[in-house]
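Numbered according to the working numbering, the sequence shown spans residues 1041 to 1367. We treat Cβ as the ideally placed atom computed from N, Cα and C, and that holds for glycine. Fair warning: this is a prediction, and the values are worked out from it, not measured in the lab.
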Amino acid sequence: MMADGIGQVNFFQSIISYISLFTCLGIPMYAIREVAKVRDNPEKMTRITVEILLLHAFLTLLGYMAVAVICLTVTKVQTDIPLFLLLSATIFFTAIGCEWFYQGIEDFKYVAIRGMVVKTISVILLFLLVKSKEDILWYGAYSVLGVLGGNIFNFVRLRKYLHKDMIEFRALHPFSHLKPAIHIFAFNVIVSIYLQLNNVLLGFMKDAEAVGYFTAATKILVITMSLSSSLGAVIMPRTSNLIAENKMDEFKVLIQKSYDFILALAMPLTVGLIFTSPSVILLLSGESFAPAILTSQIVALNILMVGISGVMGLQVLYPMGRINIVI
1041 MMADGIGQVN FFQSIISYIS LFTCLGIPMY AIREVAKVRD NPEKMTRITV EILLLHAFLT
1101 LLGYMAVAVI CLTVTKVQTD IPLFLLLSAT IFFTAIGCEW FYQGIEDFKY VAIRGMVVKT
1161 ISVILLFLLV KSKEDILWYG AYSVLGVLGG NIFNFVRLRK YLHKDMIEFR ALHPFSHLKP
1221 AIHIFAFNVI VSIYLQLNNV LLGFMKDAEA VGYFTAATKI LVITMSLSSS LGAVIMPRTS
1281 NLIAENKMDE FKVLIQKSYD FILALAMPLT VGLIFTSPSV ILLLSGESFA PAILTSQIVA
1341 LNILMVGISG VMGLQVLYPM GRINIVI
């Protein structure tokens, strides 16, 4: 594959990712909490899961209307419509993937094993099928396979947990989940703006060089913060379930352990990044990025602050239904 082929795939994927952002509409994060709350009640869990899937299916239909409009009106997409349509398959398979269900029931072992298997197969196929610039469709298929393969397994495996005899279709209300999902979507948009705003402001106030220094300074920060933020994805289903079952003593113990873990992890990372920034910046970015060292040391404090706020926001307030406070 040449740079232009990879660039075209990435360009199309960027367009598709924005459509997916609106078709998901905060559903994954919202659904984790809702499934976790009722996971011990098969009837309620089945009903809520089906309702959320139906809502996501409706939003996916709207997403494909957007895909059709783009194919008909955007000249750069019309240069390779088959590739664009192939990549748009991620919208559909994201909808049926219901990763949120397995996170809600805390089946993380399955998620991890399935992810490793699918990624291994997709990498093998990449080396076997993509050998020249004419193989751009195969490269596009590889880009989709990581989503497609795993999500098909997810959807088929739902039969193990859902009970058809408990579904009364006239009693289903999929759009009742729309408003709370929009609240999560608003939160995700705010986070996205927050993450990108620094670069945008620097670009307007200074120049591209300043943006480059800031990007280099925050590169390690993003990696280290992901370690602490990953805890939220694991703890949030559990805290949601404990709150729903009114097990507040267990909830408080779990949150205290979470705080202790975050402090034990974030404080050494913060101090370590402050002292190692000179070496790390020069190693990863080169001597020309030396001005980024001080910035890296300053933003290192975010590791601790974001870790603590993550516990309060995603592990306490959000499971308690206080998303407006989080926003």
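Indicate whether V1075 and F1141 have their beta-carbon atoms separated by less than 8 Å. Stepping through the sequence shown from its first residue, residue 1075 is reached at position 35. Stepping through the sequence shown from its first residue, residue 1141 is reached at position 101. Yes, they are a contact pair.
Element boundaries [alpha helix (DSSP H), containing M1288]: Locating residue 1288 in the sequence shown gives position 248, where the first residue counts as 1. Looking at the DSSP string, the run of the alpha helix (DSSP H) that includes M1288 is M1288 to S1325.
Quick check on the DSSP output: what are the complete alpha helix (DSSP H) runs of length 4 or more inside the segment 1045 to 1121, in order along the chain? 1067 to 1078, 1082 to 1113 and 1115 to 1118
Can G1103 and I1145 be called in contact, C-beta distance under 8 Å? Stepping through the sequence shown from its first residue, residue 1103 is reached at position 63. Stepping through the sequence shown from its first residue, residue 1145 is reached at position 105. Not in contact: G1103 and I1145 (Cβ atoms no closer than 8 Å).
CB C1138 to CB N1194, shorter than 8 Å? Along the sequence shown, one-based indexing puts residue 1138 at 98. Along the sequence shown, one-based indexing puts residue 1194 at 154. Yes, Cβ-Cβ distance for C1138 and N1194 is below 8 Å.
Terminal residues of the continuous alpha helix (DSSP H) containing F1132? Counting from one through the sequence shown, the residue named residue 1132 turns up at place 92. F1132 -> alpha helix (DSSP H) spans A1129 to G1137.
Tell me, please, whether the segment 1082 to 1102 touches the segment 1119 to 1126 by the rule of three or more beta-carbon pairs shorter than 8 Å. no
Taking the CB atoms as reference points, tell me whether R1073 and S1280 lie closer together than 8 Å. Taking the first residue of the sequence shown as position 1, residue 1073 is located at position 33. Taking the first residue of the sequence shown as position 1, residue 1280 is located at position 240. For R1073 and S1280, yes; Cβs fall inside 8 Å.
What three-state label does DSSP hand E1249 in the structure shown? On the sequence shown, position 209 is the one that residue 1249 refers to. Of the three classes helix, strand and coil, the one that applies to E1249 here is helix, per DSSP.
If you follow the alpha helix (DSSP H) that A1332 is in, where does it begin and where does it stop? By one-based count along the sequence shown, residue 1332 stands at place 292. Unbroken alpha helix (DSSP H) run through A1332: A1332 to V1339.
Smallest Cα separation from C1064: which of V1109, I1136, A1256 and G1155? As a first step, residue 1064 must be located in the sequence shown, where it is residue number 24. Of the candidates V1109, I1136, A1256 and G1155, the one whose C-alpha sits nearest the C-alpha of C1064 is I1136.
Counting only the same chain and skipping the five closest in sequence on each side, list residues whose C-beta sits under 6 Å from that of A1071. The count along the sequence shown starts at 1 and reaches residue 1071 at position 31. For A1071, where only same-chain residues beyond five positions count, the Cβ hits under 6 Å are I1092 and W1140.
Is the separation between the beta-carbon of A1226 and that of I1067 shorter than 8 Å? On the sequence shown, residue 1226 is found 186 positions in, with the first residue counted as 1. On the sequence shown, residue 1067 is found 27 positions in, with the first residue counted as 1. No, the Cβ-Cβ distance between A1226 and I1067 is not below 8 Å.
Count the other C-beta atoms from every protein chain shown that fall within 10 angstroms of the C-beta of I1088, then say buried if there are 16 or more, exposed otherwise. Against the sequence shown, residue 1088 aligns to sequence position 48. It counts as buried.
Mind the definition here: the segment 1293 to 1312 touches the segment 1340 to 1359 only if three or more C-beta pairs lie below 8 Å; say whether that holds. yes
For H1223, which of helix, strand or coil comes out of DSSP? One-based indexing of the sequence shown puts residue 1223 at position 183. Here H1223 sits in helix by DSSP.
Label F1133 either buried or exposed according to how many other C-beta atoms from any shown protein chain fall within 10 Å of its C-beta, with 16 as the threshold for buried. The count along the sequence shown starts at 1 and reaches residue 1133 at position 93. It is buried - the Cβ of F1133 has at least 16 other Cβ atoms within 10 Å.
CB of A1129 within 8 Å of CB of V1196, strictly: As a first step, residue 1129 must be located in the sequence shown, where it is residue number 89. As a first step, residue 1196 must be located in the sequence shown, where it is residue number 156. The answer is no: Cβ separation not under 8 Å.
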